[in-house]
């Protein structure tokens, strides 16, 4: 059974703390993504990666960075957490695009981060 | 600027009736569309997809319709069941690149 695993389901951090959110997929997918979900705003793309060591900014990269040292692992880093980063964070993976029917995104269960 | 829009934040339907969820997009380059279902405290799960070369795709109780000229797609659920109560997101991509998601529609199916 295919799986995307996010290391922490619930986290509570203080303002200014460094936060690591880890994501691992076992499907040998090339593409990995980090989204955040907020009420009324849907899923917004933070960063994505099409290959190891490669990263691209999404729509809302400010305040975040990522790391992809291995194909199966994609980490989201909040260098100095702020209250407006309280959100549900969702990791996803997919096969490399083929220019047409690209198949689906597989999501992890999400990490609910609260920044106090 | 939101490239994929779901203008109805919520929808309530009686069990057994049809649920119709709508989605509009602005980017004419989008060629692949998906619908996801999300329960609280869980990640979204894939429901159904459609390529721009088609105008309809069916999978059991779920049918997605695509109107390219209107840049509109819709998801029909027939018959609706209480277990269908969830938030539904539409998503679109162009040439296999990143997916853009709508803001979601919360569906409640009333027993």
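Residue numbers (the working numbering), protein chains in the order written: chain A, 41 to 156; chain B, 11 to 121. Where is the CB? At the ideal position from N, CA and C, for every residue including glycine. Source: prediction; values computed, not measured.
Taking a cut-off of 8 Å for Cβ pairs, the stretch 145-156 of chain A and the stretch 50-66 of chain B touch, as three or more such pairs fall below it. Residue contact check for residue 76/B against chain A: no CB pair falls below 8 Å.
Residue nearest to residue 72/B within the set 87/B, 81/B, 65/B is 87/B (criterion: CA-CA distance). Comparing alpha carbon positions, the residue from 72/A, 60/A, 83/A closest to residue 133/A is 72/A. The way I'd put it, the stretch 56-63 of chain A does touch the stretch 109-124 of chain A; three or more beta-carbon pairs between them come closer than 8 Å. Using a Cβ distance threshold of 8 Å, residue 94/B and residue 57/B do not count as a contacting pair. In the three-state DSSP reduction, residue 125/A falls in the helix class (H, G or I). Contact check for residue 121/A against residue 59/A passes: the beta carbons are separated by less than 8 Å. With a 10 Å radius around the Cβ and a threshold of 16 neighbouring Cβ atoms, residue 144/A comes out buried.
When only Cα atoms are considered, residue 50/A and residue 124/A end up about 16 Å apart.
Taking a Cβ-Cβ cut-off of 7 Å, the neighbours of residue 81/A in chain B comprise 113, given in sequence order. Shown here, residue 82/A sits in a strand according to DSSP, grouped into three states. In the three-state scheme derived from DSSP, where H, G and I count as helix and E and B as strand, residue 34/B is classed as strand. Residue 29/B places its beta carbon less than 8 Å from that of residue 90/B. Taking 3 residues as the shortest admissible run, the stretch 49-104 of chain B contains the following complete beta strand (DSSP E) segments, listed from N- to C-terminal end: 55-61, 66-69, 72-77, 82-87, 96-103. DSSP places residue 109/A in the uninterrupted beta strand (DSSP E) bounded by 105-110. With contacts defined as CB atoms closer than 8 Å, residue 14/B and residue 104/B fail to qualify as a contacting pair. Comparing alpha carbon positions, the residue from 84/A, 92/A, 131/A closest to residue 102/A is 84/A.
For residue 109/B and residue 98/A, the gap between their C-alpha atoms comes out near 10 Å.
Within the stretch 53-68 of chain B, 53, 54, 55, 56, 59, 61 place their CB atoms closer than 8 Å to a CB of chain A, listed in sequence order.
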